[in-house]
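So the sequence lines, in the order shown, correspond to chains A and B.
The UniProt record's numbering puts the first residue of the first sequence at 1, with every later residue one more than the last.
The UniProt record's numbering puts the first residue of the second sequence at 1, with every later residue one more than the last.
2 protein chains.
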Amino acid sequence: MLKHQAIAAKLKNYIEEHDLPHGAKLPNLTTLMELYGTSKNTMMQALKNLENSHVVYQVQGSGIFVRRRQREAYTPLFQNTAGFFGNFHEHIKHQVLAFEKILAPPDVAQNLKVTSKDSVYRILRLQILDGAPFCLEESFYVVALVGELPKSVASTSIFSYLRQQGLKIGFSDKYFDSVLLDEKQAKALELPPNSPALRLEDIYYLNDGQIFDYSRTYCQAKFFAQSN
Amino acid sequence: MLKHQAIAAKLKNYIEEHDLPHGAKLPNLTTLMELYGTSKNTMMQALKNLENSHVVYQVQGSGIFVRRRQREAYTPLFQNTAGFFGNFHEHIKHQVLAFEKILAPPDVAQNLKVTSKDSVYRILRLQILDGAPFCLEESFYVVALVGELPKSVASTSIFSYLRQQGLKIGFSDKYFDSVLLDEKQAKALELPPNSPALRLEDIYYLNDGQIFDYSRTYCQAKFFAQSN
């Protein structure tokens, strides 16, 4: 960790521990330099860092202030810890609801660009965040491309497993809309039937351009994003 | 435009004009250099550029291929032309459905951090993309901060107008979830009542940390995003 990052982390901790509200004025630059025993340059870098991560805002000629969003019960949309578009590995746990090898259903075959005579793994998992249902994820993997999958991989990161097996994962297309949950989906997510949900459809390509995975994820979660 | 950008644009045009499918193999690097009369370095930059914008993919030792997503009727989620998180200015037209000065309703007052005795402008607009309803946007501006707004600004970019008036727009918090449209909202978007929709709530701050705008936007649109 660079020095300005360490100082940024300390100042962020201070703000969180003292539960400072939005708009709370922080000490000025000179005072902060003294408090953290650092140069002007390093302190300014630390502050820029905190500004970019939406922890403070700076008003020229006026000072440095705490930035805080009003709503807490939202999940970050973009950050790589648990975002809809990020990777879920760190904080999300998976409860496997189905693991089966089947012939590709017509709509799945179309998305995977295979025929309905091709075999796919269907893996249905409930994503759990902080002990509560977060998203329901149904994935289809082309057997001819991924090989035999042991059932045990379903509760872990399937992509990590595939990479270990030497699969070269390339790019993805993501489609995103809003749908009503059917009864089964709603039940898995502990919601009333016909609840609205975000749907994310992912089509994953190997780096040679072949599609090996189609997945659809349903989330009723609330997300936030912040801009500078 | 830099030379590699010009060449990237030409190659992209060629792919679009000839409606090349996903996986179509393009000429190799040497041939492309000859075709576009350019150096290896410039051609490689142009290809990297097209790879980053999801127009081609390169397979080491194999060649350069056309990348194309399968679904066309989706709007980019992130690009700055019409994305949910981008700016809508370029292609979106606004049809003003309401423009009024009112006392802040309780939920609005809470989001704006004002009292219900404070006046706000309420501006309801239908966003139209390619001639069809795209999103329904309801915005509330704090009169004490934005001053008097002429009705004519409602059909244009309100933020551009405010900047011209000297307002210093700072940062924003965005909240994002899935909801059912009520009858009025659905009607405006030409959808059946209780259709599911994405809701984006934006809280905009001046650069001194004061909230001047709260808006909620309802979209039934389908979005796409692509990753490398």
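Think of the CB as a built atom: it goes at the ideal place given N, C-alpha and C, for glycine as much as any other residue.
- Non-local C-beta neighbours of SER116 of chain A in its own chain, meaning closer than 7 angstroms and more than five positions away in sequence, comprise LEU103, ALA104, PRO106, ALA109, ordered along the chain.
- Identification of chain B residues near ASN49 of chain A by a Cβ-Cβ cut-off of 9 angstroms yields none; the smallest Cβ-Cβ distance measures about 15 angstroms.
- Per the C-alpha coordinates, the member of B:PRO192, B:LEU167, B:HIS18 positioned closest to GLU183 of chain B is B:PRO192.
- Residues LEU124, ARG216 of the same chain have their beta carbon placed closer than 6 angstroms to that of GLU138 of chain B, with the five preceding and five following residues left out of the count.
- Counting only runs of at least 4 residues, the segment 81-134 of chain A fully encloses the following alpha helix (DSSP H) elements, listed from N- to C-terminal order: 106-112.
- Nearest in C-alpha terms to ILE92 of chain B, of all of B:ALA132, B:GLN60, B:VAL114, B:LYS101, is B:ALA132.
- Under the 10 Å beta carbon count, ARG163 of chain B is surrounded by fewer than 16 other beta carbons and is classified as exposed.
- For ARG69 of chain A, the residues of chain B that pass the 7 angstroms Cβ criterion are ASP173, in the order they occur in the chain.
- For TYR74 of chain A and MET33 of chain B, the gap between their C-alpha atoms comes out near 50 angstroms.
- DSSP places ALA6 of chain B within a helical segment (H, G or I) once states are collapsed to three.
- Three or more Cβ pairs closer than 8 angstroms define a contact, and the segment 201-216 of chain B falls short of that threshold against the segment 39-46 of chain B.
- Collapsing the DSSP output to three states places GLN226 of chain A in a strand.
- Nearest C-alpha to GLY23 of chain A among B:PRO150, B:LYS113, B:ARG122: B:LYS113.
- Inclusion of LEU77 of chain B and ALA225 of chain B in the CB contact set at 8 angstroms is warranted, their separation being smaller than that value.
- Residue-level contact by beta carbon fails for PHE140 of chain A and chain B, as no gap is shorter than 8 angstroms.
- Restricted to the segment 165-197 of chain A, the beta strand (DSSP E) segments that are unbroken, complete and at least 3 residues in length are 169-180, listed in chain order.
- Think of a sphere of 7 angstroms around the beta carbon of GLN220 of chain A: the chain B residues whose beta carbon falls inside it are SER178, in chain order.
- As computed with DSSP, ILE203 of chain A is found in a beta bridge with A:ASP173, A:TYR214.
- Listed along chain A are GLY209, each with a C-beta nearer than 8 angstroms to that of GLY23 of chain B.
- SER155 of chain A and GLU17 of chain A have their C-alpha atoms roughly 35 angstroms apart.
- For the 8 angstroms CB-CB criterion, ALA98 of chain A and ASP118 of chain A do not form a contact.
- ASP19 of chain B counts as exposed, since fewer than 16 other C-beta atoms from the protein chains shown sit within 10 angstroms of its C-beta.
- With a threshold of 16 other beta carbon atoms within 10 Å, TYR14 of chain A falls short and is exposed.
- Under the three-state reduction of DSSP output, GLU17 of chain A falls in the helix class.
- For VAL66 of chain A, the enclosing beta strand (DSSP E) stretches over residues 63-66.
- If you look at GLN58 of chain A, you'll find it in the beta strand (DSSP E) that goes 56-59.
- If you compare the alpha carbons of B:ASN41, B:PRO27, B:ARG69, B:SER53 with that of GLY209 of chain A, the shortest gap goes to B:ARG69.
- For TYR74 of chain A, a Cβ of chain B is located within less than 8 angstroms of the residue's own Cβ.
- Close to GLN226 of chain A, with beta-carbon spacing below 8 angstroms, are these residues of chain B in chain order: PHE171, SER172, ASP173, LYS174.
- When the alpha-carbon of LEU180 of chain A is set against those of B:LYS174, B:PRO150, B:GLN220, the nearest one is in B:GLN220.
- Taking a Cβ-Cβ threshold of 9 angstroms, the residues of chain B close to PHE223 of chain A are LYS174, TYR175, PHE176, ASP177, in chain order.
- With a beta-carbon spacing of about 16 angstroms, ARG199 of chain B and ASP213 of chain B fall beyond the 8 angstroms limit used to define contacts.
- Rounded to whole angstroms, LYS222 of chain A and GLU72 of chain A show a C-alpha spacing of 10 angstroms.
- If you ignore the 5 residues before and after PHE140 of chain A, its C-beta comes within less than 6 angstroms of the C-beta of VAL108, VAL120, ARG122, TYR214, all in its own chain and listed in chain order.
- Under the 10 Å beta carbon count, ASN41 of chain B is surrounded by fewer than 16 other beta carbons and is classified as exposed.
- For the segment 25-44 of chain A, no residue has a beta-carbon sitting nearer than 9 angstroms to a beta-carbon of chain B.
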